[in-house]
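Heads up, the sequence shown is in my numbering, so the first residue is 3 and it goes up one at a time. The beta-carbon is built from N, C-alpha and C at its ideal position, and this holds for glycine as well.
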Amino acid sequence: MAASKVSLVRCQDYDPPTVETAVKSAVHQLGGVERYVKPGERVLLKPNLLLDAPPEDCVTTHPTVVRAAARLFLQHGCTVTIADSPGSFLPYTRETLARVYKRCGMLDIAEELGVELNLNVGFREIANERGKVLKEFKVIDPPAEADAIIVISKLKTHLATGLTGGAKNLYGIVPGLEKKALHARYRTPGRFADVIVDLNERIRPRLQIMDAVMTMEGDGPNTGTPRAMNAILGSDSPYALDAIAARLANLDPLRVTTVRAASRRHLIDVGSIEVAGERIEKMAVPGFVLPSTFAGSNGGTFASLLSSLSLDRARPMVSGQSCRGCGACARSCPVDAINVVERKASIDRKKCIECYCCHEMCSSKAIKLEKSMVGRTIDRIVAGPGSGP
């Protein structure tokens, strides 16, 4: 196993020149843009465009980071396309894509720089004979048509995986509602993490760039709280990238389900990652709030064991006061466990697989998480003295 390298660059804000300098530095410390692409190649930029949220919500990759990456590859003589398939309840249509691109700031970039926004809603099936769990899967057309895929992720907490970064972002190449089918088939956190690793190993993006200028803590990837980290990261490896991002959030990297799955396949050694640029100790954010689905704050091996046994799992509940009855939760549920009656959603506890897709896609923040008495007790034990009554 070759040692992995991650570049870590300070970036104080989203001022375009500041971001452009940071992105160039992050790529330069990995060997420069010429190490990843040749002039004339077709480059696909894959940001995190979970849903049609404005940049200040920290739900999606900030447009200035995508802009900086686009300029870098354009200046190297490449053609650039921006593409994603947003969240699991959104149909993969031209109308959906146009709405998301506009709200997330991608349309402004395309018009300024003359790059293409993908509106082709075609997809294809790809064989994956070497996959651990995915032997074939559907992907949108742009990744198959590009010479090089560059993932531009957003660092956020994630109820199911711990953190979402480079590895999880690639799930966005699965078209629209097909994401629901994979969630339904691979229901446990460990199995779903293997799905993500299979996708990354089959598609193999050439470069990872992470927007961690403003991150999301708490119950991400949609309803958490913005938190400044002031960093841009880069790497060849999505797992190394996510491992260092976890350390910046003061989280044991092996508690991130995708990093743990990659480690078990010997795709990453979290103890031998080279970090170029800033020191992790100087950039780490104290008191970074993890998802409520995780035991304690960072209980190491003990917490990882409890999480793997699902003893601390949180159940999604509908807040009647906040629910507007829009049905987004029901449309996103992979096992049809949610019904909307008289403009109020309700969850069938027997069907629910605790994948948290409903929480992820609820724009009203009406899905709350509730732990059992056992789960709450585990949290207090892991967190230690002074953690509350």
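Per DSSP, the bridge partner or partners of residue i
{"i": "Asp213", "result": "Lys156, Ile234"}
{"i": "Gly164", "result": "His160"}
{"i": "Met218", "result": "Lys158, Pro228"}
{"i": "Ser9", "result": "Gly236, Ala278"}
{"i": "Val343", "result": "Lys346"}
{"i": "Lys48", "result": "Val153"}
{"i": "Thr83", "result": "Leu46, Glu118"}
{"i": "Ala129", "result": "Glu138"}
{"i": "Ile369", "result": "Val320"}
Pair within 8 Å by beta-carbon distance, residue i and residue j
{"i": "Thr217", "j": "Leu172", "result": "no"}
{"i": "Gly236", "j": "Val291", "result": "no"}
{"i": "Val35", "j": "Thr81", "result": "no"}
{"i": "Val343", "j": "Arg267", "result": "no"}
{"i": "Ser334", "j": "Ala316", "result": "no"}
{"i": "Leu371", "j": "Val258", "result": "no"}
{"i": "Pro223", "j": "Leu52", "result": "yes"}
{"i": "Gly168", "j": "Pro57", "result": "no"}
{"i": "Ala264", "j": "Ser321", "result": "no"}
{"i": "Leu209", "j": "Asp238", "result": "yes"}
{"i": "Ala242", "j": "Ser6", "result": "yes"}
{"i": "Lys170", "j": "Thr260", "result": "yes"}
{"i": "Pro207", "j": "Ile152", "result": "yes"}
{"i": "Thr225", "j": "His361", "result": "yes"}
{"i": "Ser90", "j": "Cys359", "result": "yes"}
Best match in the options for proximity to residue i [C-alpha to C-alpha]
{"i": "His30", "options": "Leu74, Arg44, Gln14", "result": "Leu74"}
{"i": "Cys328", "options": "Ala316, Ser348, Arg257", "result": "Ser348"}
{"i": "Arg69", "options": "Leu47, Gly79, Pro56, Gly89", "result": "Leu47"}
{"i": "Tyr188", "options": "Ala5, Met212, Cys357", "result": "Cys357"}
{"i": "Glu127", "options": "Pro49, Arg105, Leu136, Ser90", "result": "Leu136"}
{"i": "Pro145", "options": "Glu138, Ala169, Gly174", "result": "Gly174"}
{"i": "Glu114", "options": "Ala245, Ile205, Pro18", "result": "Pro18"}
{"i": "Asp271", "options": "Arg281, Leu256, Ile211, Glu280", "result": "Leu256"}
{"i": "Glu276", "options": "Gln323, Ser90, Leu32", "result": "Leu32"}
{"i": "Gly42", "options": "Ala55, Leu76, Asp54, Thr20", "result": "Leu76"}
{"i": "Val197", "options": "Val153, Arg37, Glu138", "result": "Glu138"}
{"i": "Cys354", "options": "Val337, Asp110, Leu201", "result": "Val337"}
{"i": "Ala148", "options": "Glu118, Leu253, Ala162", "result": "Glu118"}
{"i": "Arg281", "options": "Ala233, Met319, Asp254, Glu97", "result": "Ala233"}
{"i": "Ala129", "options": "Leu201, Asp59, Lys104", "result": "Leu201"}
{"i": "Gln14", "options": "Asp254, Leu253, Val215", "result": "Val215"}
Through-space distance from residue j to residue i, alpha-carbon basis
{"i": "Cys331", "j": "Ala278", "result": "42 Å"}
{"i": "Ser155", "j": "Arg345", "result": "35 Å"}
{"i": "Lys134", "j": "Arg262", "result": "14 Å"}
{"i": "Glu22", "j": "Tyr16", "result": "9 Å"}
{"i": "Ala150", "j": "Ala247", "result": "24 Å"}
{"i": "Leu92", "j": "Ala286", "result": "35 Å"}
{"i": "His78", "j": "Ala72", "result": "10 Å"}
{"i": "Phe304", "j": "Glu131", "result": "Low confidence applies to Phe304: its pLDDT is 49, below 50, so where it sits in the model is not reliable, and the reading given next is rough at best. When rounded, the distance between both Cα atoms is 35 Å."}
{"i": "Pro288", "j": "Ala251", "result": "7 Å"}
{"i": "Pro177", "j": "Pro88", "result": "8 Å"}
{"i": "Lys284", "j": "Val8", "result": "15 Å"}
{"i": "Ala186", "j": "Arg326", "result": "25 Å"}
{"i": "Arg37", "j": "Arg101", "result": "35 Å"}
{"i": "Met108", "j": "Lys352", "result": "40 Å"}
{"i": "Ala24", "j": "Val61", "result": "21 Å"}
{"i": "Gln323", "j": "Ala339", "result": "20 Å"}
{"i": "Gly273", "j": "Ile205", "result": "25 Å"}
{"i": "Met231", "j": "Met212", "result": "12 Å"}
{"i": "Asn120", "j": "Asp54", "result": "16 Å"}
{"i": "Ala85", "j": "Leu99", "result": "9 Å"}
{"i": "Gly192", "j": "Phe296", "result": "14 Å"}
{"i": "Gly388", "j": "Pro318", "result": "Bear in mind that a pLDDT of 48 at Gly388, under 50, signals an unreliable position, so the number given afterwards is only what the model happens to contain. Going from the Cα of Gly388 to the Cα of Pro318 covers about 27 Å."}
{"i": "Asp350", "j": "Thr163", "result": "23 Å"}
{"i": "Gly116", "j": "Leu269", "result": "37 Å"}
{"i": "Asp110", "j": "Lys140", "result": "29 Å"}
{"i": "Lys104", "j": "Asn341", "result": "31 Å"}
{"i": "Arg249", "j": "Ser366", "result": "31 Å"}
{"i": "Asp59", "j": "Asp254", "result": "26 Å"}
{"i": "Leu161", "j": "Thr190", "result": "13 Å"}
{"i": "Cys106", "j": "Thr20", "result": "20 Å"}
{"i": "Glu97", "j": "Glu203", "result": "31 Å"}
Rounded Cβ spacing between residue i and residue j (contact assumed at less than 8 Å)
{"i": "Val11", "j": "Ser27", "result": "5 Å"}
{"i": "Thr66", "j": "Asn50", "result": "About 14 Å separates the two Cβ atoms, so there is no contact after all."}
{"i": "Val123", "j": "Thr95", "result": "6 Å"}
Contact with chain B by residue i, beta-carbon distance below 8 Å
{"i": "Ala186", "result": "Reference to chain B is not applicable here, since this structure consists of a single protein chain."}
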